[in-house]
Amino acid sequence: MSERMNSETLRKLYLDFFKSKGHAVIPTASLIPENDPTVLFTTAGMHPLVPYLLGEKHPAGDKLTDVQICVRTGDIDEVGDESHCTFFEMLGNWSLGAYFKKESIAYSYEFLTKVLGIDTTKLNVSVFAGDESCPRDNESAEIWKSVGLKDEQIFFLPKENNWWGPAGQTGPCGPDTEMFIDTGKDKCSDDCSPACSCGKYLEIWNNVFMQYFKDSDGKLSPMERKNVDTGMGLERTLCIVNGYKSVYETDLLAFSIKKLEELSGKKYGENEDDTRAMRIIADHTRTATFLLGDVKPLSPSNVDQGYVLRRLIRRAVRYCRVLGIDGSALIELAKLNIEKYKDIYKNIGDNAQRIEDELRMEQEKFDKTIEQGINEFGKVVKHIPSTTIPGKTAFRLYDTFGFPLEMTIELAKEVGFDVDVQGYEEAFKKHQELSKAGAEQKFKGGLADTGEVTARLHTATHLLNAALKIVLNDKTIMQRGSNITPERLRFDFSFPRPMTPEEIQAVEDLVNEEIKKNQDVILEEMSVAEAKAQGAVGVFDSKYGEVVKVYTVGISKEICGGPHAKNTSELGHFKIVKEQSSSAGVRRIKAILENNQ
Ligand code: SER
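Position one of the sequence shown corresponds to residue 1365 (the numbering used here), numbered consecutively onward.
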């Protein structure tokens, strides 16, 4: 095994290996999935490839390889241990009908043993044991034997261990074969197998034989073409190859730990609580850096992905307190992450300023509320007759002070209390239903009234959205909300600073120029892919069905439900009446159409 392999080397070895086997190297995709409302983040390399796994032709060919950035927050409570991260990079290779089990297993074996130099005797694999939906995978077991594995290195395991996917609730999936490294530890029991989490077997790679499609009723149907999807975690593999104890020793996280040691004057590994805190801060800050700097940049908010981001930042700030350091440590760490990753992920370098600004805004905001919240928590604890914090109280701490539930649980633990989690979840669900109703309203186009007056304001909103991107010369500007009443339009968009009076005037002028051209508003129906190809914008793209309506008016092209004016001549004179902050990183414009009645 090579000593001290770093991430740059491993990425290159992997991609070069699969290039030498005829695979095209494709770029990583956004962390925010396109057109998949069932999951918040890209959780695996296959996720952005779903359309191609389902039969669409990939422009780069039928053998692909890449390094995909992924976020998984399902395991967030495990973060702080030796191997769980909320962000990681996944090395992957795919066959879109080009090859299947035989080549896939042979490639994996060659890469692990010849390129990474892993001892064959340390390699263990699992294959699918079979059930009523899919037969036992003897074929894979035979292939493993043919490359040199012994019977005792092959484990047949059930669906809960040897089946992968889909990434969301529906999509391609299938039986897999997983590869593990035997650490040499004793078996924890006679039944100990790679399915066991005792630490004897460490998973290194997963090859999925994607043969089925799972629909929304949970039904599996065989796919016409058989594909291969593989995934290998970069951090975990570095850890195994280098013989490290945890992923925090790899070159992707060690610099963060070192900085936290410097800032806190504490030593990593000496005290369990401090070590856990350092790991959580390092992990969450790295994830936040990638979400804030994504090609579709996120901002902290109270819904969907933005809420997860807020929770990660706030949890990291909270653990800074555990470590006895200021929350501004996050900005120091983000800077180091930007340096580390900017050459590999250009968007991280391009968004460096945004990442720092957003982190600082959220951290400062949280610091203010945290003091109030901790005081409030102290009062609450005094008045509770039992040692259980009621769910409603926990929800109020979240809603008013921004305390994630787990933070309340942690604070409670410190004073020997627990929290009524179920009660909290009920209160949270009620809140979500309310915001869902709000989202459905937005989905309808943000219209509160569908009369002609509001339709004209709606068309003006599209022109405004396009004009902002042009005048502010910022293609990353995204719609964050829209609300229209018969009197005015209100438009929220991502932008880090107030607009200058000159910029406001220029936007107003550009919209009025477009209006004066007396242009028709053109409605077309097309697929989401076609709309994207034509450069249409649309914040709610993932919530639409296959065919979408695209409205084109002068400088604007948007996916939208309508309705709209027929011609810009109906609009009259456009006037911005207010430009203000809506929330961190989001500006709000209120505008009217003079003579619109
Ligand atoms: N999709 C599989 C996984 O995530 C293999 O890439 O493990």
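All C-beta atoms, glycine included, are put in the ideal place defined by N, C-alpha and C.
As the structure is a prediction and not an experimental result, all values here were calculated from the model.
Less than 7 Å between C-beta atoms, sequence neighbours within five positions excluded: which residues of the same chain meet that for V1491?
Around V1491: D1501, S1504, A1505, I1518, F1520, N1526, T1541.
Can you give me the start and stop residues for the beta strand (DSSP E) that A1955 sits inside?
Element bounds for A1955: 1950-1958.
Assuming D1593 is part of the alpha helix (DSSP H), what are its boundary residues?
Unbroken run through D1593 is the beta strand (DSSP E), 1584-1597; no alpha helix (DSSP H).
Pull up the CB-CB distance for E1958 and R1820, whole angstroms please, since I reckon it's below 8 Å.
About 12 Å separates the two Cβ atoms, so there is no contact after all.
Enumerate, from N- to C-terminal direction, the unbroken beta strand (DSSP E) stretches of 3 or more residues contained entirely within the segment 1494-1522.
Runs of the beta strand (DSSP E) inside the segment 1494-1522: 1518-1521.
Does the beta-carbon of A1505, which I'm using as the reference point, lie nearer than 7 Å to any heavy atom of ligand 1?
It does not: the Cβ of A1505 is nowhere closer than 7 Å to a heavy atom of ligand 1.
Just to confirm the assignment, what range does the alpha helix (DSSP H) spanning F1759 have?
Run containing F1759: 1755-1765, per the alpha helix (DSSP H) assignment.
Mind checking who K1391 pairs with in its DSSP beta bridge?
The identity of residue 1391 in the sequence shown is Pro, whereas the question assumes Lys. P1391 pairs with nothing; no bridge assigned.
Check whether chain C comes within 8 Å of R1951, counting only Cβ atoms and requiring the distance to be less than that.
Looking at the structure shown, chain C is missing, and only one protein chain is on hand.
Can you tell me which of the three DSSP states S1858 falls into?
Three-state result, S1858: strand.
Report buried or exposed for A1955, applying the criterion of at least 16 other Cβ atoms within 10 angstroms of its Cβ.
By the neighbour-count rule (16 or more Cβ atoms within 10 Å), A1955 is buried.
Does at least one heavy atom of ligand 1 sit under 7 Å from the Cβ of A1408?
Because some heavy atom of ligand 1 lies under 7 Å away, the Cβ of A1408 counts as near it: yes.
Does the separation of the CB atoms of I1645 and P1664 fall below 8 Å?
No.
Can you name, in chain order, every residue of its own chain whose Cβ lies under 7 Å from the Cβ of Q1340, other than the five neighbours on each side?
The requested residue 1340 does not occur in the structure, where the chain is confined to residues 1365 to 1961.
Looking at the secondary structure, which residues open and close the beta strand (DSSP E) in which I1748 lies?
I1748 -> no beta strand (DSSP E), and no H or E assigned at all.
Check C1562 in the structure and name its three-state DSSP category.
DSSP places C1562 in coil when its eight states are reduced to three.
Starting from N1488, trace the beta strand (DSSP E) both ways and give me its first and last residue.
1487-1492 is the span of the beta strand (DSSP E), which, as asked, contains N1488.
Classify A1897: buried if its beta carbon has 16 or more other beta carbons within 10 angstroms, exposed otherwise.
By the 10 Å Cβ count, A1897 comes out exposed.
So is the beta-carbon of W1528 under 7 Å away from any non-hydrogen atom of ligand 1?
Yes, the Cβ of W1528 comes within 7 Å of a heavy atom of ligand 1.
Can Y1473 and K1385 be called in contact, C-beta distance under 8 Å?
In this structure, K1385 does not lie closer than 8 Å to Y1473 by Cβ.
Can you name, in chain order, every residue of its own chain whose Cβ lies under 7 Å from the Cβ of N1876, other than the five neighbours on each side?
For N1876, where only same-chain residues beyond five positions count, the Cβ hits under 7 Å are H1937, F1938.
Return the Cβ separation of N1715 and L1624 in integer angstroms, given the expectation that the two are a contact with Cβ distance under 8 Å.
The Cβ separation is near 23 Å, so there is no contact.
Cα separation between H1826 and K1839?
If I take the Cα positions, the gap works out to 15 Å.
Going by C-alpha distance, which of Y1463, V1403, N1457, K1942 is nearest G1438?
Nearest option by C-alpha distance: V1403.
By Cβ distance, which residues of its chain are closer than 6 Å to E1943, with the 5 residues on each side in sequence left out?
Cβ within range, chain order: M1863, I1868, I1953.
Nearer than 7 Å: is that true of the beta carbon of D1439 relative to any heavy atom of ligand 1?
No; taking the cut-off as 7 Å, the Cβ of D1439 has no heavy atom of ligand 1 nearer than that.
Between which two residues does the beta strand (DSSP E) containing D1430 stretch?
Here the beta strand (DSSP E) through D1430 covers 1427-1435.
Does ligand 1 have a heavy atom nearer than 7 Å to the CB of V1572?
For ligand 1, at least one heavy atom lies less than 7 Å from the Cβ of V1572.
Buried or exposed, going by whether 16 or more other CB atoms sit within 10 Å of the CB of I1719?
I1719 comes out buried.
How many Å lie between I1919 and E1878 at the Cα?
Roughly 8 Å between the two C-alpha positions.
Could you give the C-beta distance for L1395 and D1658, rounded to a whole number, given that I count them as a contact under 8 Å?
Correct: roughly 5 Å between the Cβ atoms.
The beta strand (DSSP E) spanning V1885 covers which residue range?
From DSSP, V1885 is part of no beta strand (DSSP E); its letter is neither H nor E.
DSSP state of K1376, grouped into three classes?
Reduced to three states, the DSSP call for K1376 is helix.
Just the C-alpha distance for V1611 and N1701, rounded to the nearest angstrom, thanks.
V1611 and N1701: Cα-Cα distance of roughly 15 Å.
Buried or exposed: R1951, going by 16 or more other Cβ atoms within 10 Å of its Cβ?
Label assigned to R1951: buried.
Between the C-alpha atoms of I1841 and F1451, what's the straight-line distance to the nearest angstrom?
Approximately 25 Å, taken between the alpha carbons.
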